[in-house]
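Engineer: First, the structure itself, so that you have it in front of you.
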């Protein structure tokens, strides 16, 4: 663990993240693993379908970046899913390969046939699910789970018990289920699942401590982003002792998506001081791959991967964007394989024009020429309601410079 908020030329985050009054209140585990579910939960994004080759390419890129565990899919979904998992398991990746399973022995057998290292065993526990969707009680969940957990462990699989919709479970139901599971079939770890993304960071921290106290097991946190807090709640879980965070690349997933892989990686490394092994500079390659294969564009302002993250239109501080970026950003663009960029539009200033003239090799301009170019750029930016392209700027600049020269 590090306690530095600044690393020369790489990042400069808030020093208050690391003051004793803050760090002393956290229960950070020694190590945190990332379990990525893009190939299963990410593919549940409506309209997204990954081919076998797609899944192999994604898994390979994730392994290159250093993801600890890859949830390669659910074999029971289709023969294609099963085949993809088998092929990924044969790649010899450093990442552990997991499958997703119902509480059925046949699903455990499928995981074994696919060559998986571990299995996520899902059962419902949220009260709306039990009451309306399944018509079950916690006793039904325990009865369906116990033998399957024991069977998976007996076969040498790492068994994660995954009572989903955990954050909407009635306290007695979750308590009884956890105690029953620990008595009859203790798994290797247990998940707290915010299926509807409806728990606050404070609630998640409470639940991590509560479930850990009841079971003594490693805690895995799996959240969705319905209230825009998927990453925040997973990092909150880590501060209460959760050892595994679940993610999807680009924040893919049902409805508003899952906690984003790339955001979790930077949060763990920069904001909480973990010495992670991840290749942060490779994240844009994965992001572009997922965007293309999923046909889900990356928003311009998306954290970490958005095209506008290191783009500056405002003329104030323009020189720092290229020459001393930590004045303007929390991370150097190169940390995540990016570059700073100066763009022109309504909010540009004279320094922006001077910079762009030089960058595009258009020559020097007098103060009067810069002022005239700036005025035209602003007006065009207002009319276009967007930034100008380099070609649009070149046309403006060349017109002004040639007229003044004449």
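In my numbering, the protein residues as written are 2 to 407. Virtual Cβ for every residue (Gly too), placed ideally from N, Cα, C. Note that the structure is a prediction, hence the values are computed from the model and not measured.
Rounded to whole angstroms, how far is the Cβ of residue 222 from the Cβ of residue 246, which I believe are closer than 8 angstroms?
Structural biologist: As a working mapping, residue 222 is identified with position 221 in the chain shown. As a working mapping, residue 246 is identified with position 245 in the chain shown. Yes, they are in contact, since the Cβ atoms of residue 222 and residue 246 sit about 6 angstroms apart, within 8 angstroms.
Engineer: Would you list the one or two residues that DSSP bridges to residue 165?
Structural biologist: Counted from its first residue, the chain shown places residue 165 at position 164. Note: residue 165 sits in a beta bridge opposite 125.
Engineer: Just the C-alpha distance for residue 389 and residue 378, rounded to the nearest angstrom, thanks.
Structural biologist: Residue mapping note: residue 389 aligns to position 388 of the chain shown, counting from 1. Residue mapping note: residue 378 aligns to position 377 of the chain shown, counting from 1. Approximately 8 angstroms between the Cα atoms of the pair.
Engineer: DSSP on residue 5, reduced to helix/strand/coil?
Structural biologist: On the chain shown, residue 5 is found 4 positions in, with the first residue counted as 1. Reduced to three states, the DSSP call for residue 5 is coil.
Engineer: Does the distance from the C-beta atom of residue 105 to that of residue 139 stay below 8 angstroms?
Structural biologist: Position 104 of the chain shown holds residue 105. Position 138 of the chain shown holds residue 139. The answer is no: Cβ separation not under 8 angstroms.
Engineer: So, helix, strand or coil for residue 95, using DSSP?
Structural biologist: Start at 1 with the first residue of the chain shown, and residue 95 comes out as number 94. Three-state result, residue 95: coil.
Engineer: With a threshold of 16 other CB atoms inside 10 Å of the CB of residue 31, please say whether the residue is buried or exposed.
Structural biologist: Counted from its first residue, the chain shown places residue 31 at position 30. Exposed, by the Cβ-count rule.
Engineer: For residue 7, count neighbouring C-beta atoms within 10 Å of its own C-beta (all shown protein chains included) and say buried if the count is 16 or more, exposed if not.
Structural biologist: Position 6 of the chain shown, counting from 1, holds the residue named residue 7. Burial call: exposed.
Engineer: Identify which residue in 187, 74 and 34 has its Cα closest to the Cα of residue 53.
Structural biologist: Residue numbering aside, residue 53 sits at position 52 when the chain shown is read from its first letter. The shortest C-alpha separation from residue 53 is found at 74.
Engineer: Taking 8 angstroms as the threshold, find out whether the stretch 266 to 277 comes into contact with the stretch 313 to 329 through three or more Cβ pairs.
Structural biologist: Verdict: no, contact absent.
Engineer: Checking the sheet assignment: what are the DSSP bridge partners for residue 119?
Structural biologist: Within the chain shown, numbered from 1, the residue matching residue 119 stands at position 118. 99 and 159.
Engineer: Here's a check: name, in chain order, each residue in its chain whose Cβ is nearer than 6 angstroms to the Cβ of residue 401, leaving out the five neighbours to either side.
Structural biologist: Start at 1 with the first residue of the chain shown, and residue 401 comes out as number 400. Here the set comprises 370, 373 and 374.
Engineer: Under the DSSP definition of a beta bridge, which residues are partnered with residue 37?
Structural biologist: Within the chain shown, the letter at position 36 stands for residue 37. Answer is 71 and 248.
Engineer: Once the 5 residues before and after residue 79 are set aside, which same chain residues still bring their CB inside 8 angstroms of it?
Structural biologist: Reading the chain shown from its first residue, position 78 is the one you call residue 79. Closer than 8 angstroms at Cβ, skipping near neighbours: no residue.
Engineer: When you compare the CB positions of residue 126 and residue 142, do they come within less than 8 angstroms of one another, or not?
Structural biologist: In the chain shown, the residue the question calls residue 126 occupies position 125. In the chain shown, the residue the question calls residue 142 occupies position 141. For residue 126 and residue 142, yes; Cβs fall inside 8 angstroms.
Engineer: So residue 188 and residue 155 are in contact, right, with Cβ under 8 angstroms, and what is the actual spacing, rounded?
Structural biologist: Your numbering for residue 188 matches position 187 in the chain shown. Your numbering for residue 155 matches position 154 in the chain shown. With a Cβ gap of about 12 angstroms, residue 188 and residue 155 do not count as contacting.
Engineer: In whole angstroms, give me the CA-to-CA distance for residue 57 and residue 249.
Structural biologist: As a working mapping, residue 57 is identified with position 56 in the chain shown. As a working mapping, residue 249 is identified with position 248 in the chain shown. About 16 angstroms.
Engineer: Report the rounded CA-to-CA distance for residue 197 versus residue 224, giving the unit in angstroms.
Structural biologist: Here residue 197 corresponds to residue number 196 of the chain shown, with the count starting at 1. Here residue 224 corresponds to residue number 223 of the chain shown, with the count starting at 1. Their backbone Cα atoms lie some 8 angstroms apart in a straight line.
Engineer: Secondary structure at residue 389, three-state DSSP: helix, strand or coil?
Structural biologist: As a working note, residue 389 is residue 388 in the chain shown. Strand, per DSSP.
Engineer: State buried or exposed for residue 346, treating a residue as buried only when at least 16 other CB atoms are found within 10 Å of its CB.
Structural biologist: For the purposes of this step, residue 346 is identified with residue 345 of the chain shown, where counting begins at 1. Residue 346 is buried by the Cβ-count criterion.
Engineer: Would residue 353 pass as a contact of residue 319 if the rule is Cβ separation under 8 angstroms?
Structural biologist: Here residue 353 refers to the residue found at position 352 when the chain shown is read from its first residue. Here residue 319 refers to the residue found at position 318 when the chain shown is read from its first residue. In this structure, residue 319 lies closer than 8 angstroms to residue 353 by Cβ.
Engineer: Leaving out five residues on either side along the sequence, give the residues of the same chain with a beta carbon under 8 angstroms from the beta carbon of residue 360.
Structural biologist: Residue 360 sits at position 359 when you count from the first residue of the chain shown. Contacts found: 343.
Engineer: Quick test of your reading: residue 299 and residue 309, contact by CB under 8 angstroms. State the CB separation rounded to the nearest angstrom.
Structural biologist: By one-based count along the chain shown, residue 299 stands at place 298. By one-based count along the chain shown, residue 309 stands at place 308. Their Cβ separation, rounded to whole angstroms, is 10 angstroms, which puts residue 299 and residue 309 out of contact at 8 angstroms.
Engineer: Which partner residues of residue 261 appear in the DSSP bridge assignment?
Structural biologist: Residue 261 sits at position 260 when you count from the first residue of the chain shown. According to DSSP, residue 261 bridges with 249.
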